[in-house]
Each structure stands twice: as C-alpha cells, then as structure tokens.
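Residue numbers (the working numbering), protein chains in the order written: chain A, 177 to 503; chain B, 23 to 363; chain C, -16 to 264.
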Amino acid sequence: MENECLLEVKNLSVEYTAERGQLKAVSQVNFNIYRGEFFGLAGESGCGKSTIAFAILRLLKGAAAITGGEINFGGKNVLCFGNEELRLFRWAKTSMVLQSAMNNLNPVVTIGSQLMDAITAHEPVTKKAAYNRARELLELVNMDASRLDSYPHELSGGMRQRVVIAMAMALKPELIVFDEPTTALDVVVQYNIIRKILELKETMGFSILFITHDLPLMLNMCDRIGIMYAGKMAELSPVETLRTGAMHPYTDGLLHAFPSLQGEKVRLSGIPGSVPDLITPPEGCLFYERCAWRREVCAKEPPAFSVVGKLHWCACHYPMMERGNAL
Amino acid sequence: MSKIVFADVSKIFVLKGSLFRKQKLHAVSGVSMKIEEGHTLAVVGESGCGKTTLARLLMGLHRPDGGSILVDGENVGALKGKEALRHFRSNVQMIFQDPFASLNPAHDVGSILTRAVTLHHPELKSIQVRQQVADLLTLVGLTPPADFMRKHPAQLSGGQRQRIGIARALAVKPSVIVADEPTSMLDVSIGIDIMNLLIDLKQKQKLTMMYITHNLASARYMADEMAVFYAGTCVEYGDIDEVVNVPYHPYTVLLLNSTPEPFRSEAAEIEASEEGADLISGKPQCMFCRRCPAAVDRCFSDFPPDYTYGTRRVRCFLYEGREEDQGPAVEVDIYRRKSYV
Amino acid sequence: MGLDKYILKNVKAKIGIGVILFFVLVAIFAPLIAPYDPRAIAFIPWQNPSFKHLLGVNSYGQDIFSQVVYGTRVTMMVGIFAGLLTSLIGVVVGLVAGYKGGMTGEVLMRVVDVLLVIPGLALMIVVASYLKSMNIANTVLIIGALSWLWMARSIRSQTMTESRRDYVDAARALGMKDIEIMFREILPNIFPVVTANMVMVITQSMLTEASMSFLGIGDPMLVSWGKMLSVAFDNSAIIYGAWWWLVPPGLCIAVLGYSFMLIGNSFLDVYANDRGGTVKL
C-alpha cells in the first residue's frame, strides 16, 4: 500500500468487569487503516467490533477498560493522550457516527444549532461563519439549507442520519468511524446513505472504519475487511480475496449464511453452536466447538494471527487453503 | 378453495388529534390475495408498509375495517361464540419478531409451554402434558428437554428464545403459521438455523405460512410466492422466483436494486427519492407516484387497480389496457443515475 | 424470580425489612415487653423518664412506654390491613383500566379523577361521622376504601406499558382469557411496582390513622401512636416541655414509615434498572 498508514491498532485488548469476572471483549487485535481507505469490521453480536470503535475514540466508560496494546494515530498513541491532545484529536482528527445517533439528537434544539455547536465547540469561529459552514455541510449530504431550522422530530430517519453524518464531517476529520449507521433504516434509504458516504469519501478524502454485521453490504463497498469473532480478529483481507478465497472457517460459514437473490437456491447451513463464554474462555481456538475442520491442536493452542497471502491474515491452524476447497 | 383468502381488506387507525380533527391512518388498503394450502407467502416491504398490521389482522388481533379475511372458509372478523374462537386460535398461530419481548419473563419455559398445551386440551392428564411439552422442545431442537424446562427466558440466547416461541405456536397444533420477521433481531448465523427449522417444520407438520420480512433475499429462501407491499397496498404478487427475476412494479424494481447482494457481478448505481408515502389524506392516487420515475398523470389522480396475468398481479397504471401478459412494463434500469444515461 | 435481586442483594430492602420485623415482634410480644397496662391510670402524672417509667408518665398518669409498645399493634394493624385493602382495590382497578383500555379504562380513570378532587381526609371524616361507632375495623375499612386512587393510576400506567409487549399479544393469540392474562401474565411482571405502591400505601395508612386519631375521630379507647400525639398536644405537652411524651410516638411513626419507604423505593430501583433506567410511576 503506497498510502500512508493513518491508524495502527496494535495488540489491543479490552476487558469489561462483570459480576462473575473479567469479560475479555477484545483480545490482542491488530489492524491498520490507510489514508483514503474504506475499512470494514464485520462480526456478529458480542464479537467486540463496537468496543474497538469506542476504544479508538477513548469513549469506553464504566466497566470497560483497555488492558493492553496501542492505538497509533499519525504515529502517536491515542491511549497516552492527555486531555488537551484528546480534545484536539476527537472530532477534528477522528469522528464517529453511531447507530443510535439519529435518535439521540437533542429534540429541543434545531438541526442548525446542533451543527453549529459541533463546529464552535472545536474551532473559534464567528456565529456567521459557523452558520455558513453548517449550510455547506447540509448541502454535502443532499439536504436543503432550509432544514437548518428544523427540529429532529420533523425529519425522517434517513434525514436524521444524514445530519449526524454532516456533524461528523464538521471539522474535516481524517478518519470517520461508522458503527452500524444504517441498520435501523429501510433498504432504499440505506442504499442512498451508503452511496452518499462513498461519494463524500472520494471528495473529502477521509478514511472510513465501517462496522456492521451485514456482510453482503460490506462486500459491496469496502476495500478491506476484518472479521471479528469472540473478541479476536479471525481474518483480515482485501474484499476481492474474501469473496473467493476466504480462509477462516468462520468467515466461510458467515459468507454462506446469507441467502441471496441470485443463483441457485441451495439449503444454507448456519454455524452450529454459540459463542464461548468470554469470561472463562476455553484454551485453544475460540471457534473450536463450532468448527467443522477442527483438529486436536486447535483445542490446545490458540492460533496465531499470521500472513496467509497478499495483505491477507488469518488466525487458524489449518486455513482453508491447506484443506483445499472441500466442504 | 384457498386456505387463506384476503378480500379487499383494509384497516384504519385513528390518530390522537384534536377532538374534532382526528386523523385517519390508512394502514392497510384494499388488499386482496390468496395463500394456498401448504404454501409460504412472503410479505415483503419496508417499515410502515402495513405488513405487521396485515399479520395481526390475520391473527384476529385487529378487526378489519373493510373487506374480510377467510381461513378455511371462515370469516376471521366475524367469529362468534367461544367454540368458534377457540377453534380459530388453535388453528392459526404467530411467531413474533422480538425474541426478548415475546416470552413472559416471569414464567419458565416449562410453564409457558404447558399452559399453551392445556389451554386447548384441558382434558389431558399431567403426564401426557409433560410428554407433549418434551416432544415440542425436541421438535424445535432444544434437547435434552429436561435441561430447558426450568429455565427462564432471561437465561436463554436469542436463538433459543425464538425456538421456544416456535414451540409455543406449535403447541396448539395449528395449520397456519404467521411469522413476523422472526430472524430480524437475531445474528445471521442463528437466523439461518431458525429459517431452516421453519422450513423443516412446515414440511413435517404440513403448515401454511405467511412469512413477513423486509429482506428480499430471505423471502426468496423461505417462500413460494411473494406479495410486495407499499404504503398499505399490495403492489405486486406472484411466484417468488418470477417476481425476483422479472419484477413488474417500479417499487419492486427499486427494492431489488437496493438490496445488497454480495456476489452480484455489477452493482448498478441508482438513485431514488426517499419521500414517505401519504397514508393519511386518503387522496385517490397511486401511493408510489411521487417516487416513481415512470409515473404518468393518471398515477396522480386515481388509485390503480390490480392487473392480473395468470399468477402475477400488478397494481400499476403502466399495465392499463394490457389484456395479456407482455412482460414487464418497467425497465430494470429506470432508477439508474441520470448522469450515466 | 428475582428473589436474589430484590431481597438478598438489596441492602436498603434488608434494612427496611429488619426494622419492620423488629416492630412486628414488639407488637406480637407487647404484653411481655410493656411493664404496665397502657390504659391504667395508676401513676403520678407528668413524671420524667426514669428506670420505673422508661418514657415517663403522661398527664393522666399512664405509662408512656407501655403506650408506645401497645400502640405498635394498632398502628401496624391499621397500616397493614388498610394498606392491603387499598392495594387490592387499586390493583384490580388499575389492571382492568390498563389492560382493557378503551371505554372501560376511560370511565374508570374519570371516576378516579373525580374522587381525587375530594380531599381524602375530609371525606374520611365525613364518612366516619356517619358511622355509629369507630373501631379498628371501621378505621381500616375507611382508610382502605378511600386511598386506592393513586395506586390505581400507577398500576394502570404500568399495565398499559406491559400490555404493549409481545408476550401479551402471544397470550391473546393463544386464546387466553382476559382475566388470566391480567392476573397470570401481567401482574407478576409489574409486581415490584405493586409492592412499591403497597408499602407507600401502608405508610400512608399509618399516617392517616395518626391524623384521624389526632383529630379525635378514631376509636377513643384505642391507644395508637397518633392518639398519643393527639392527647399530648391536647394536654399542652409542648408547654410543659414533655418531649418524652411527644418524641417517641412521632419517632416511631417516622421510622416505621421510612423503613416501608426504603423497601418500596429500592424495589422500584431494581425494577427500573431492569427496564433500562426510569419508570414513570
């Protein structure tokens, strides 16, 4: 990759304190995001993907604690930032769009005011300048400037999410983290918003960390995808490789669990079993119980996250390339 | 005679407005369709299209304001007498969308299922009831049954709870199942298991199913026929593979183009307005006209009728005057971005 | 179901229950604890607390400590029984109004609204004055029958929320009768709100009894904490500085009332936590 590395997540581990013990939500996760890249983090509930997103912006609170690793942005470790550095980092360098954000807009303040607040909170600009900037932002997301005076309840779900995206772009960040931004939206609205995000990425040049459980959606828009399972990264590869040459049994299972609109109608099989207990995780590979290709060593030793191809990593003792494509 | 018949069904909800200007929400309007015995009909549409209201109408949880719904020839809205109602309730059952809200957290699995059995078969002895409950748990894949009897819903995973919901529905030995987005709140790999379970059960127990979903791909996986809903009306109906491969209604085309498809060779760039439909004014016009790139003047002044071609039905003025099936009147690229044309 | 959460791990509830148990024991073993007959006019009036009279003697010559001890019985009985009666009416009305909704619900709530306008205590005084005699049973009935209004509202609101949940629809779809749905499906789920309300109603009943006695309406023969306060005021205890006559009964009412509140509030906290934060009572 000729592009510079914007975000480097190195050996990140996050734990939640639960009644029964420490829940290992994220264990030693490694990945990079390059400038201008559309990076996807996929996985099912409880895999840790949202936790990573919050960790990057240091928004974890309460029972969650980062127990190890580094998050290097532009070479500097975000986890070591002091308050001032963090303030300069948040929203100006990296911002976030959450799934629930569209429902958490302040209901008694107009959209315009909220946009302006986002701007003036970080930059010392005049009200007029902030207003103009807010207008530009709305136009970027295809919303009429007249909407600046609307209240959140007057807008549809899709429009509210657009406002949230506009807010995230207010300070021209280098990286925007999207956490399931379209899960609660209808499919047509989702399509439009995803397209808009892609357009904005091209024109404004930011990188994207997109988190979702909807793998088909990601396969259509991401450059590279990381597949998370039970707090660990199971596989990381460019999208094309993942489509045809997925190596991790979980990825393979996941890819084949989505019914499709085209092609032959075959009976799909899910992945039997369920995610292991992350408070007392088993030894060895966390996917062992559910894997159709498991061997003895898989129960004893956790697999290392190692290179299996060009820009392709996989955490498996017997990645599918060694098994051939037999199912 | 079809197993289930919807004849011009409509449902209006009165919104709380001021005393003299209460607004009416036309949740379902003029729906007519049939479901044959042993078939699965997928009811597909986005939020607010009326599919959930339709499900509840079929279940008798709402009364239709117009038209009628017949199950085995009996009018659901006009059931009179305890016996008729009881028979209906043991004939048509529902699986709910939210596995967390559809089970009473105060009861354990055993008592939830036991009550479902004893409600309709009070004459059974407790040994027989216990056996039936155990059989139900085995039927939905929760084995060994003894492990689950004393558990409370809070101790089970989403997939397990959904299986209990299915077991409960089957406890009364119905012949019709209404599944309201049963997998939308579950992880994908679990959802597919539930879908497979429903397919197997449907075959084993000879059920007729109405499967509601917003996901076209899972509709294709589950169903024989599909009804596409928009703003309370059925805009297209037909054999599912035919509709998916050769859609007739502009809205169906839009849905198909917007659905993320992992292995699609070329992703068409489309653009479509997101304008919501007007469910309140009751103005006579095609509900989709404001968003439709193929709309003509007629679409804005009249409510289009159903045009039937064999098993296919379309509610669109583009088919006005067509006596026979001449294929779709919409091109699949009507939404393609203007800049590409 | 939740025994763990609501009681075993709930410190506030445990304290509350502990205090109430203490008073219950006092009430049960009153004859063993109280040194003298509370009504016996046998001592020199206006005595300060001493070893022979732990809380002194009142203006009539009765031992105050014995009065406090026996008074526990009356106050608790009225409080608890009136509270239970109120709860019964309040829960039934609330459940029906909340679950049935529609006309039934509206009518019931309008009735409640109208009754709420009338000051409760005034109404009780009026009703009491029509009765030939006042005894503990009448007191319980009057308080119980007229205090259920707030509770009905609260239960109705919770029932309405709960009725929207899918499991209620599932029960209807199975063909369950309304009565069974209300009492077997919904009630167990709103039980913490019922208890929370019930303890508040019990406290309220104790205080109402105290007020009624204070105003001279209750049974003149009964010794209750409220009666004690009433008599004390009537006999100018304040002027005499006889704090040992006024403080103990007042303190007991406050402490017992507070411990009921502890239980109720802590139950509400656990209930609200389960439901994501807040519960509108």
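Every residue, glycine too, gets a C-beta built ideally from N, C-alpha and C.
query: Short of 6 Å in beta carbon distance, which residues of its chain neighbour Glu213 of chain A, apart from the five on each side in sequence? Order them along the chain.; result: Ser383, Asp399
query: Under 8 Å Cβ to Cβ from Ala502 of chain A, same chain only, skipping five residues before and after it: list those, please.; result: In this predicted model, Ala502 of chain A has a pLDDT of only 45, less than 50, meaning its place in the structure is not dependable enough to derive any value.
query: What three-state label does DSSP hand Gly180 of chain B in the structure shown?; result: helix
query: Look at the Cβ atom of Pro127 of chain B, then the Cβ atom of Asn172 of chain C, and state whether they are nearer than 9 Å.; result: yes
query: For Ile72 of chain C, collect the residues of the same chain with a Cβ closer than 6 Å to its Cβ; drop the 5 residues on either side in sequence, then sort them by chain order.; result: Trp131
query: Which full runs of the beta strand (DSSP E) of 3+ residues lie inside the segment 185 to 233 of chain B, going along the chain?; result: 198 to 202
query: Under a CB-based cut-off of 9 Å, is Tyr150 of chain C close to chain B?; result: yes
query: What are the residues in the segment 119 to 141 of chain B lying within 7 Å of chain C by C-beta distance?; result: Asp120, Ala123, Ser124, Leu125, Asn126, Pro127, Ala128, Ala138, Leu141
query: Could you give the first and the last residue of the continuous beta strand (DSSP E) run that contains Ser383 of chain A?; result: 383 to 388
query: Nearest by alpha-carbon distance to Arg85 of chain B: which of B:Lys33, B:Leu161, B:Arg172 is it?; result: B:Lys33
query: Within the 9 Å Cβ cut-off, does Ile153 of chain C reach chain B?; result: Position check: residue 153 of chain C holds Ala in this sequence, whereas Ile was assumed. It does: the Cβ of Ala153 of chain C has a partner Cβ on chain B nearer than 9 Å.
query: Grouping DSSP H, G and I as helix and E and B as strand, with all else coil, what is Ile200 of chain C?; result: coil
query: Beta carbon of Met231 of chain B, beta carbon of Met244 of chain B: below 9 Å?; result: yes
query: Cα-Cα, which of B:Ile26, B:Val210, B:Leu158 is closest to Val114 of chain B?; result: B:Ile26
query: With Ile209 of chain C as the anchor, note down where its alpha helix (DSSP H) starts and where it stops.; result: Residue identity check: residue 209 of chain C is Gly in the sequence provided, not Ile. Its alpha helix (DSSP H) spans residues 208 to 217.
query: From which residue to which residue does the beta strand (DSSP E) around Arg334 of chain B run?; result: 334 to 336
query: Compare the C-beta of Met159 of chain C with all C-beta atoms of chain B and state if any pair is closer than 9 Å.; result: yes
query: Given Arg419 of chain A, which residues of its chain have a CB within under 7 Å of its CB, disregarding the five upstream and five downstream residues?; result: Leu395
query: Please state if the CB of Ile287 of chain A and the CB of Ser326 of chain A are separated by a distance shorter than 9 Å.; result: yes
query: Between which two residues does the beta strand (DSSP E) carrying Met364 of chain B extend?; result: Coverage of chain B is limited to positions 23 through 363, which leaves residue 364 of chain B absent and any answer about it impossible.
query: Which runs of the alpha helix (DSSP H) at least 4 residues long sit entirely within the segment 33 to 83 of chain C? Give them in chain order.; result: 47 to 83
query: Is the separation between the beta-carbon of Leu462 of chain A and that of Ile447 of chain A shorter than 9 Å?; result: no
query: Any idea if His329 of chain A is buried or exposed, counting beta-carbon neighbours within 10 angstroms, 16 or more meaning buried?; result: exposed
query: Is it buried or exposed for Arg313 of chain B, if we count other Cβ within 10 angstroms and need 16 for buried?; result: buried
query: Taking 7 Å as the limit between beta carbons, can you name the residues of its chain near Met177 of chain A, skipping five residues before and five after?; result: For Met177 of chain A, the pLDDT reaches just 47, beneath the cut-off of 50, and the residue's location in the model is therefore unreliable, leaving the point undetermined.
query: Span of the alpha helix (DSSP H) holding Gly247 of chain C?; result: 226 to 257
query: Following the continuous alpha helix (DSSP H) through Met134 of chain C, name the residue where it begins and the one where it ends.; result: 132 to 146
query: Given that Glu168 of chain C touches chain B, what residues does it touch there, using C-beta distances under 9 Å?; result: Asn126, Ala128, His129
query: Going along the chain, which residues of the segment 95 to 114 of chain B sit with their C-beta nearer than 9 Å to a C-beta in chain C?; result: Leu107, Arg108, Phe110, Arg111, Ser112, Val114
query: For Lys225 of chain A, is the classification buried or exposed, using 16 other Cβ atoms within 10 angstroms of its Cβ as the cut-off for buried?; result: buried
query: Given this structure, state the Cα-to-Cα distance separating Ser287 of chain B from Lys195 of chain B, to the nearest angstrom.; result: Residue confidence for Ser287 of chain B is low, a pLDDT of 48 falling below 50, so the modelled location carries little weight and cannot support an answer.
query: Could you work out which residue in C:Leu251, C:Glu168, C:Asn248, C:Leu124 is closest to Met60 of chain C when comparing CA atoms only?; result: C:Leu124
query: Residues of chain B with CB closer than 8 Å to the CB of Asn256 of chain C, please, in chain order.; result: The contacting residues do not exist; Asn256 of chain C stays about 13 Å from chain B at best.
query: Leaving aside the five residues before and after Ile369 of chain A along the sequence, list all residues of the same chain whose C-beta is less than 8 Å from its C-beta, in chain order.; result: Gly334, Gln337, Arg338, Ile341, Pro357, Thr358, Leu361
query: Assuming Ala64 of chain B contacts Thr333 of chain B under a Cβ cut-off of 8 Å, what Cβ separation, rounded to an integer in Å, is found between them?; result: Ala64 of chain B to Thr333 of chain B, Cβ: 14 Å. No contact.
query: Got a sec, what are the start and stop residues for the beta strand (DSSP E) Asp293 of chain A sits in?; result: Per DSSP, Asp293 of chain A belongs to no beta strand (DSSP E); it is in the alpha helix (DSSP H), 287 to 296.
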